[in-house]
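Single-structure report; data block below.
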Amino acid sequence: MTKAITVSGLHKSFGRTHALDGLDLSVETGEVHGFLGPNGSGKSTTIRVLLGMLRADAGAAQVLGRDPWTDAVEIHRRIAYVPGDVTLWRNLSGGEVIDLFGRLRGGLDPHRRDELVERFELDPTKKGRTYSKGNRQKVALVAAFASDVDLLILDEPTSGLDPLMEEVFQRCVAEQRERGRTVLLSSHLLSEVEELCDRVSIIRRGTTVESGSLAELRHLTRTSVSAELAGPPNGLAALPGVHGLDVQGHRVRLQVDTDKLDAVLRSLSASGVRSLTSTPPTLEELFLRHYQDEVTAR
Amino acid sequence: MSAADFAVRPTTARQLAGTGVLLRFALRRDRVMIPVWVGVNTLMVLSMPNTLKSLYGTAAERADLVARMATNSSLRAMVGPVLGDSLGALTAWRAGVYAGALAAVVGLLVVVRHTRDEEESGRQEMVASGMVGRRASLTAALLAAAVANGALALLVAAGLAGQGAAGAVAFGLGLAGVGMVFATTAAIVAQLTESARLARGLTAGVLGAAFVLRAAGDAATDDGSSPLTWVSPLGWLTNLRAYAGERWWVLGLFAGAALAQGAVAYALAGRRDLGMSFLPSRPGPAAGRLRSAGALAWRLQRGGVLGWSAGFLLAGLAYGGMADGAAELVGDNESAREMFRRMGGRSGLTDTFLAAMAGMLGLVAALYIVSSVLRLHGEETSGRAEPVLAGAVGRLRWAAGHLAVAFGGTVLLMLLAGAGLALGHGERAGAIIGACLVQVPAVWVTGGIAVLLYGLTPRAATAAWGVAGAVLLIGWVGPALDVPAAVLDLSPFGHLPKLPGGEMAWPPLLVLTALAAGLTAAGLAGVRRRDLTT
């Protein structure tokens, strides 16, 4: 598979603020890539560099095999972008803006546009100034999903959408993947990323702290186990990778590093298992772990 | 403002809660705008006695001017009738209409800025969710306008006191009165429209109508007694007769009009919801026909271009119609003739007048080109440029769309001004249109400076307004005062051939055009290289 986006060692400062501090990112063609990080971690700055709006101070970036600064126009023909906070022209209607954006890219499928307008329940005749936040977002999303492009860059695109529309959005992203398009989805809605993304990069303070498929990242996370046993548990505390062990008579609750799960299960069944629930790790936990030290460092 | 006391269910005090905080906030936001506008207006008025003294130094010269104004209806239409021959009376005459109009503009800008602008942007929603009464925002906006106009009245009254205290007080209060009348007009219009821009445009239209009514009335009579003059708040300023036997009761007209309009504004505001308006906005097309960034630029700017075009055509018609009368007025007053010569052409007073008007319209076009070029800055900082530039649109092509409107629009405006002047004057169309087109390279240089500022130092882009203001000041005030040639030469307009009447000279036009092109190219190079501001 070829890379749709490669970024290595990206640096960008605004005055004394280091927005990006050696960021790496790699997105395969045809995948949906989650781009996670807290507010101010550099997600939007990275995306603006990828769009050729900002010039990186140092490091290399390639989008669709080209330099985003020098070849911006060629790249943009094959890109659709949705910002997190869409600002529209006050006296242009939503429909006008959708068609304009389509024409400024590689073109727009009119049938798909009408279908999407319907699915997102958007009134395209309203003027830009009268749209609510969610509806402005829909204008940009319809324009992006109806465009004939290879790469979609979505920067927290669902802010302001209600849960129903959020679902429509997720289906649209899945359809894009089926068509073989690449999606870079920046978000802090973990459920959304977990649902949609093949691979995830987590960034913090302008550097990439974790990158890989969800399966790979789960090795870094802990599974929660709670069990009711026939007899008292034995030697659980001594097992490697066990955290937060809580024994109440025959009841056991614990967390275990996912790659050490096997030993724990064996120890539990040695005591005889009456009931067992195990909760798979969520991205939420993975995410929290990376901010944990940030919180404690304060 | 005191109209707040009508038909109140929840107590007035509660409806006005937070007014003080909002007023302080408004004044803080306007801490540059109000002092600058008030300062410019004051200086314009206070510089008049000296200018007039140099032009009409002796009592005989002044009496001569008064006598001639009585017979010259077209010039009376432009600046109003002369009501007395003291320096004070001449100052009130010469500065009155324009200082009044400027006070009106400041009043309307301040009020719309703190009412409809806030609602349209959604900021008002957050403000209103605080401990802020229903009438507090409108009251604070009107009080801010009152502060600006009060300061103007004080400064003008104090500055002109040397010419006679009573006249100075009357004139200062009259200017403030005009300002408050239009501030309250704006308060009404801000309830009607959904967009702040439209509210400003409509109120400015009312001001324009007031000017036209006064002009028509003053053309008909030489003492401001025409009913048409009495209908216009700008005419009230004339009829206040500062330095010419003050009619103090006219101040009551200003107060009455401001109070009545304020009451209407409060009544309208009480009958509508936050953010709503009485004039609903129409829906737009469901599908768009805009195909490119250039088409978008034109779509965004066309309303402005049409408005400016209408203004230039009408101004041209009006000034063209006055041309012959102006020559008659200047007659044999040597220093006035000298001033006209310095402002414009060489021979033939009609030519001089036409050349001066073409030059003045060129100066106004500098304001157009700056506002049009700075549209780029507005699009960029608002974030609306970002999705456009994320399309297959190069920065240069995006900028070129707006610059085509700016630089091409200048040609259109001067063409229309020339057509208007020629139609109004009724002869020598070719020479007059040529005289207007000659202004274009100088306007372009101003536009080029704006592009340069925007391209290289986007944070300081709005300094282009300062450049336009300086050019305007040099062009308008420079010739009347004895400003050294070196200063006059700073303005690109100082190098233009004086047409009609003077000799056509191509070299300065070519040099200015090349300079404009160079400045624009340098600015665009900057646009291409720098980061977008977000």
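Top to bottom, those sequences are chains A and B.
Heads up: the first sequence begins at 305 in the numbering used here, then just goes up one per residue.
Heads up: the second sequence begins at 121 in the numbering used here, then just goes up one per residue.
No residue lacks a Cβ here, since even glycine has one placed at the ideal position from N, Cα and C.
Chain-ordered, the chain B residues with CB closer than 9 Å to the CB of Ile383 (chain A) read Ala510, Gly511 and Ala512. DSSP, read as helix, strand or coil, puts Ser528 (chain A) in strand.
Glu240 (chain B) has a beta carbon lying within less than 9 Å of a beta carbon in chain A. Take the alpha-carbon of Thr462 (chain A) and the one of Glu332 (chain A): they are about 23 Å apart.
For Ala406 (chain B), the closest Cβ of chain A is nearer than 9 Å. Interface residue (Cβ-Cβ distance to chain A less than 9 Å): Ala413 (chain B) is classified as such. Annotation for Val247 (chain B): Leu142, Glu238 and Ser257 place their beta carbon closer than 8 Å to its own, counting only its chain and skipping 5 residues before and after. Between the alpha carbons of Arg555 (chain A) and Glu588 (chain A) lies a gap of roughly 26 Å. Counting only runs of 3+ residues, no beta strand (DSSP E) is found wholly inside the region 284-318 of chain B. For Glu470 (chain A), the enclosing alpha helix (DSSP H) stretches over residues Pro467 to Glu482. Leu404 (chain A) belongs to the set of residues whose beta carbon lies under 9 Å from a beta carbon in chain B. For Ala362 (chain B), there is no enclosing beta strand (DSSP E), as DSSP marks it with neither H nor E.
Taken through DSSP and simplified to helix, strand or coil, Gln559 (chain B) comes out as coil. Here the region 285-297 of chain B lies against the region 266-277 of chain B, with 3 or more beta-carbon pairs under 8 Å apart. Assignment of Ser352 (chain B) by DSSP, reduced to helix, strand and coil, places it in the coil class. Taking the Cα positions, Met534 (chain B) is about 26 Å away from Glu499 (chain B). Selection B:Glu623, B:Ala590 and B:Gly621 evaluated against Asp609 (chain B) yields B:Ala590 as nearest (Cα-Cα). Around Ser429 (chain B), no beta-carbon contact reaches into chain A at under 8 Å, the shortest distance being about 19 Å. Across the set B:Leu394, B:Phe145 and B:Gly427, the C-alpha of B:Leu394 shows the shortest separation from the C-alpha of Thr313 (chain B).
Two segments are said to touch when three or more pairs of C-beta atoms, one from each, lie closer than 8 Å; by this definition the region 204-223 of chain B touches the region 154-168 of chain B. Interface flag for Asp150 (chain B) against chain A is unset, since no Cβ pair is found closer than 9 Å. For Glu623 (chain B), no beta strand (DSSP E) encloses it, and the DSSP letter there is neither H nor E. Legend: CB atoms of the region 421-450 of chain A lying less than 9 Å from CB atoms of chain B belong to residues Val421, Asp427, Pro428, Thr429, Lys430, Lys431, Gly432, Arg433, Thr434, Ala444 and Ala447. In the displayed model, Gly319 (chain A) falls within coil according to three-state DSSP, outside both helix and strand. For Gly404 (chain B), no alpha helix (DSSP H) segment is defined, and its DSSP state is neither H nor E. DSSP lists A:Glu332 as the bridge partner or partners of Lys307 (chain A).
Bounds of any alpha helix (DSSP H) do not take in Leu580 (chain A); it lies within the beta strand (DSSP E) bounded by Val577 to Thr583. Annotation for Val186 (chain B): Val202 and Asp205 place their beta carbon closer than 7 Å to its own, counting only its chain and skipping 5 residues before and after. Assignment of Leu357 (chain B) by DSSP, reduced to helix, strand and coil, places it in the helix class.
Of B:Pro400, B:Gly546, B:Arg255 and B:Ala510, the smallest CA-CA separation from Thr470 (chain B) is found for B:Gly546. No Cβ-Cβ contact shorter than 9 Å links Tyr574 (chain B) with Leu516 (chain B). Residues of chain B whose Cβ lies closer than 7 Å to the Cβ of Arg394 (chain A) are, in chain order, Ser315. Under the Cβ distance rule, Leu358 (chain A) counts among the residues neighbouring chain B, one pair being separated by less than 9 Å. From the listed residues B:Arg422, B:Ala316 and B:Leu207, the smallest Cα separation to Gly284 (chain B) is found for B:Leu207.
In this structure, the beta-carbon distance from Gly595 (chain B) to Gly567 (chain B) does not fall below 9 Å.
Taking CB atoms only, Asp371 (chain A) has no neighbour in chain B less than 9 Å away.
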